[in-house]
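Following: one structure in structure tokens, then a few remarks.
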Amino acid sequence: MSRRVRLWLLALGGAGLAALLFAACLELPGFGGDRHPYGERAVRESLARRTANAVSSVNFDQRAFDTMGEMTILFAAVLGTVVLLRQTRDEHRAQPAPAHVAPPVRRYALITLPVALLVGLYVVAHGQLSPGGGFQGGVVAATALHLLYLGADYRALERVRPVGLYEVGDALGTSAYLVLGIAGVLAGTAFLANTLLPYGTFNTLSSGGTVPLLNAAVGMEVACAAVVLLARFLDQAVEIEENAVGTEESGE
Amino acid sequence: MNDMLIAVTLLLVAATATAAVAARDPVRQALVLAVLGVALALLFTVLQAPDVALSQLAVGSALTPLLLLLSVRKVRRRGRRKGRTE
Amino acid sequence: MMSVLPYLVAVWIFLAGCYGLATSRNLIHAVGCLAVCQAATYVLLIAVGYRDGATAPVHSDIEPGSRPLVDPVVQALALTDVVVGATVTALLLALILQISKRHGTVDPDELSELRG
Numbered sequence: 001m002s003r004r005v006r007l008w009l010l011a012l013g014g015a016g017l018a019a020l021l022f023a024a025c026l027e028l029p030g031f032g033g034d035r036h037p038y039g040e041r042a043v044r045e046s047l048a049r050r051t052a053n054a055v056s057s058v059n060f061d062q063r064a065f066d067t068m069g070e071m072t073i074l075f076a077a078v079l080g081t082v083v084l085l086r087q088t089r090d091e092h093r094a095q096p097a098p099a100h101v102a103p104p105v106r107r108y109a110l111i112t113l114p115v116a117l118l119v120g121l122y123v124v125a126h127g128q129l130s131p132g133g134g135f136q137g138g139v140v141a142a143t144a145l146h147l148l149y150l151g152a153d154y155r156a157l158e159r160v161r162p163v164g165l166y167e168v169g170d171a172l173g174t175s176a177y178l179v180l181g182i183a184g185v186l187a188g189t190a191f192l193a194n195t196l197l198p199y200g201t202f203n204t205l206s207s208g209g210t211v212p213l214l215n216a217a218v219g220m221e222v223a224c225a226a227v228v229l230l231a232r233f234l235d236q237a238v239e240i241e242e243n244a245v246g247t248e249e250s251g252e
Numbered sequence: 001m002n003d004m005l006i007a008v009t010l011l012l013v014a015a016t017a018t019a020a021v022a023a024r025d026p027v028r029q030a031l032v033l034a035v036l037g038v039a040l041a042l043l044f045t046v047l048q049a050p051d052v053a054l055s056q057l058a059v060g061s062a063l064t065p066l067l068l069l070l071s072v073r074k075v076r077r078r079g080r081r082k083g084r085t086e
Numbered sequence: 001m002m003s004v005l006p007y008l009v010a011v012w013i014f015l016a017g018c019y020g021l022a023t024s025r026n027l028i029h030a031v032g033c034l035a036v037c038q039a040a041t042y043v044l045l046i047a048v049g050y051r052d053g054a055t056a057p058v059h060s061d062i063e064p065g066s067r068p069l070v071d072p073v074v075q076a077l078a079l080t081d082v083v084v085g086a087t088v089t090a091l092l093l094a095l096i097l098q099i100s101k102r103h104g105t106v107d108p109d110e111l112s113e114l115r116g
């Protein structure tokens with residue numbers, strides 16, 4: 001199919017889709033409307049289980065099974081990336097030369113690093129109370145670690161970041177979530193049901209039953225996953241090089 | 001007043017999204033996507049969704065552009081090496 | 001106007017992303033356009049859950065029941081997808097790096113010529 005024909009086809013399909021979506025928009029309940037039946041029920045349930053952050057309650061209590069599905073997608077995506085980006089036989093590692101970093105950049109990065117890391121962990125720990133949780137905090141903590149790449153250089157980052165350990169951490173986070181779910185079954189209720197622990201006092205760190213624990217498991221998984229992903233891409237972009245003569249390439 | 005603010009951030013998001021598609025160079029696109037991430041975080045904050053805003057800020061303005069930039073670097077580096085050896 | 005504007009913005013972002021995906025000459029650029037399409041779904045979800053004059057569904061600093069709240073369910077949906085979407089983006093990029101290694105190009109048109 002030539003480029004012209006393809007563009008015409010795209011224009012035709014796009015116009016049809018645009019018309020349908022536009023018509024659908026006009027029929028949707030108006031923006032800012034007052035009718036949110038699911039939202040009201042979800043808030044009531046989260047208050048009944050003494051979880052101050054209703055979003056966390058939906059994620060890790062009322063729809064915990066759905067979150068397990070999301071986690072599985074995340075885990076599978078990381079696994080696929082690791083397999084795809086491993087070092088192959090026709091590649092070798094070239095040590096990158098130590099880079100020169102301007103002193104102000106170095107100072108700023110090294111001061112921000114512990115603060116950012118702490119913020120990430122705080123966000124994970126307070127997911128049941130204030131906006132935040134495992135998904136957000138995990139990403140913040142993982143990206144904070146990479147300030148070291150800006151502030152020092154790649155080799156310094158590699159020293160504080162044994163990738164194998166983070167891969168194990170990723171798997172442990174996922175299994176911890178499953179184990180917490182199965183614990184519910186063993187305790188005589190249902191998979192991932194929030195009946196394992198007392199609900200605690202509203203608006204304190206230990207409220208919400210299993211929500212903080214599931215939050216921590218997800219936080220660990222997401223943080224490790226982001227570190228592993230970035231490590232694999234950094235490896236490819238900075239270190240791994242192809243061997244000079246590529247006979248395998250022309251053979252295909 | 002509130003409606004005004006929402007409308008302005010919505011248009012900002014729409015404009016940056018269009019710019020991200022229009023930027024044909026992947027490096028420039030990654031930078032525009034980082035701006036889009038911040039604009040989306042702003043929109044979600046205005047729409048009273050701080051949880052989503054936080055996650056969008058961490059992912060959209062840092063993680064995704066970084067991954068895109070690293071991929072571009074790898075692809076370009078390959079191209080350069082191949083050009084040299086041939 | 002205000003009652004449909006957010007939905008229309010979501011539609012616009014989605015269509016723009018689709019256009020970019022279909023006309024892209026670089027697979028990495030196409031992944032960026034896919035990220036734009038994803039952003040459209042977040043805007044739509046959060047817009048559906050919004051309520052005029054309401055506050056965030058977090059009770060750490062407000063008395064329960066004292067103020068109307070926006071819908072937490074759609075926020076939870078968008079929140080997990082933001083993070084999971086990023087890892088799926090990473091998987092796509094890894095596939096593209098493999099394509100670039102095996103075929104020496106990331107232009108979809110050249111790739112289809114390669115395979116006939």
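As they're listed, the protein sequences go chains E, P and R.
Going by the working numbering, the first sequence opens with residue 1, and the numbers climb by one from there.
Going by the working numbering, the second sequence opens with residue 1, and the numbers climb by one from there.
Going by the working numbering, the third sequence opens with residue 1, and the numbers climb by one from there.
Ideal Cβ placement from N, Cα and C applies to all residues, glycine included.
In this text the structure is predicted, and so the values were computed from the model without any measurement.
Burial state of residue i, where buried means 16 or more other Cβ atoms lie within 10 Å
i: R/G116; result: Low confidence applies to R/G116: its pLDDT is 49, below 50, so where it sits in the model is not reliable enough to give any reading.
i: E/V168; result: exposed
i: R/P6; result: buried
i: E/V139; result: buried
i: R/G53; result: exposed
i: E/G16; result: exposed
i: R/Q75; result: buried
i: P/P26; result: buried
i: R/H59; result: buried
i: E/V222; result: buried
i: E/N243; result: exposed
i: E/Y149; result: buried
i: E/P29; result: exposed
i: R/G49; result: buried
i: R/P72; result: buried
i: E/A237; result: buried
Interface flag, residue i vs chain R, CB-CB below 9 Å
i: P/L5; result: no
i: E/V123; result: no
i: P/R80; result: no
i: P/V75; result: yes
i: P/V72; result: yes
i: P/V21; result: yes
i: E/N215; result: no
Residue i beta carbon near the ligand ATP (any heavy atom closer than 8 Å)
i: E/L178; result: The ligand ATP is not among the ligands present in this structure, which contains no ligands whatsoever.
Residue-level contact to chain E via CB, residue i, 9 Å cutoff
i: R/T87; result: yes
i: R/T80; result: yes
i: R/G22; result: It is worth fixing the name first, because residue 22 of chain R is Ala in this sequence and not Gly. It does; some Cβ of chain E falls within 9 Å.
i: P/V59; result: yes
i: P/P50; result: yes
i: P/L11; result: no
i: P/L43; result: no
i: P/A34; result: no
i: R/S60; result: yes
i: R/Y42; result: no
i: R/R67; result: no
Contact belief for residue i with residue j at Cβ below 8 Å, rounded distance in angstroms
i: E/V101; j: E/G181; result: With a Cβ gap of about 45 Å, E/V101 and E/G181 do not count as contacting.
i: P/G60; j: P/A30; result: Going by Cβ atoms, the distance from P/G60 to P/A30 rounds to 11 Å, so no, they are not a contact pair.
i: E/S56; j: E/G127; result: 5 Å
i: E/L26; j: R/V31; result: The pair is not a contact, with the Cβ atoms about 32 Å apart (cut-off 8 Å).
Residue i: first and last residue of the uninterrupted beta strand (DSSP E) it sits in
i: E/I240; result: 240 to 242
i: E/R93; result: 91 to 93
Cutoff 9 Å: residue i Cβ touching any chain P Cβ
i: R/H29; result: yes
i: R/L114; result: no
i: E/H254; result: The structure shown does not extend to residue 254 of chain E, since chain E is modelled only from 1 to 252, so the question has no answer here.
i: E/E45; result: no
i: R/S100; result: yes
i: R/D52; result: yes
Range of the contiguous alpha helix (DSSP H) that encloses residue i
i: P/L36; result: 26 to 46
i: P/S55; result: 50 to 58
i: E/E158; result: 154 to 160
i: E/T143; result: 134 to 145
i: R/Q75; result: 72 to 103
i: E/A112; result: Going by the sequence as given, residue 112 of chain E is Thr instead of Ala. Counting along the chain, the alpha helix (DSSP H) containing E/T112 begins and ends at 103 to 125.
i: P/V21; result: 2 to 22
To test your reading of the DSSP string, which unbroken alpha helix (DSSP H) runs of 4 or more residues are found completely within the stretch 183 to 237 of chain E? 211 to 234
Would you mind listing the beta strand (DSSP E) stretches within the stretch 12 to 80 of chain E that are 3+ residues and don't spill past its ends, in chain order? none
Write down every uninterrupted run of the alpha helix (DSSP H) in the stretch 6 to 50 of chain R whose length is 4 residues or greater and which is fully enclosed by it, in chain order. 27 to 49
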